[in-house]
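A.B. asks:
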Amino acid sequence: MIQFDRITQQPDVMGGKPCIRGMRVTVGMIVGQVAAGHAVDELLKEYPYLEREDISQALRYAAWLAEEREVVLVKA
2 MIQFDRITQQ PDVMGGKPCI RGMRVTVGMI VGQVAAGHAV DELLKEYPYL EREDISQALR
62 YAAWLAEERE VVLVKA
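Here the working numbering is used: the first residue of the sequence shown is 2, the next is one more, and so on.
(1) Is the number of C-beta pairs between the segment 3–20 and the segment 36–50 that are closer than 8 Å three or more?
(2) Rounded to whole angstroms, what is the Cα-Cα separation between I56 and D6?
(3) How would you label Q4, buried or exposed, when you count the other beta carbons within 10 angstroms and need 16 or more for buried?
(4) For I8, write down the residues that DSSP places opposite it in a beta bridge.
(5) Which residue marks the beginning of the alpha helix (DSSP H) containing Y50, and which one marks its end?
(6) I'd like the span of the alpha helix (DSSP H) that includes I31, first residue to last.
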């Protein structure tokens, strides 16, 4: 079983979305920034309270979710 010790979910933080270490930084925000072409070093500079492992774990968590859940895609 993969462990994600930096990913937290609390109902009172960002509506229960997966966040980094209880902060108001969601996994989705990090994944979105990387997908938009931002480098990890850019993110670390922009968000100095994040650590490299936070970003790495957010990406691994998103990949794990994508593999674990069946998603129905609608053809355009």
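Beta carbons: idealized from backbone N, C-alpha and C, even for Gly. No experiment lies behind these values; they were computed from the predicted model shown.
C.D. replies: On the basis of the supplied data:
(1) Judged by Cβ distances under 8 Å, the segment 3–20 makes no contact with the segment 36–50, as fewer than three pairs qualify.
(2) Distance between the alpha carbons of I56 and D6 is about 12 Å.
(3) Q4 is exposed by the Cβ-count criterion.
(4) I8 is bridged to I21.
(5) Bounds of any alpha helix (DSSP H) do not take in Y50, whose DSSP letter is neither H nor E.
(6) For I31, the enclosing alpha helix (DSSP H) begins and ends at 28–36.
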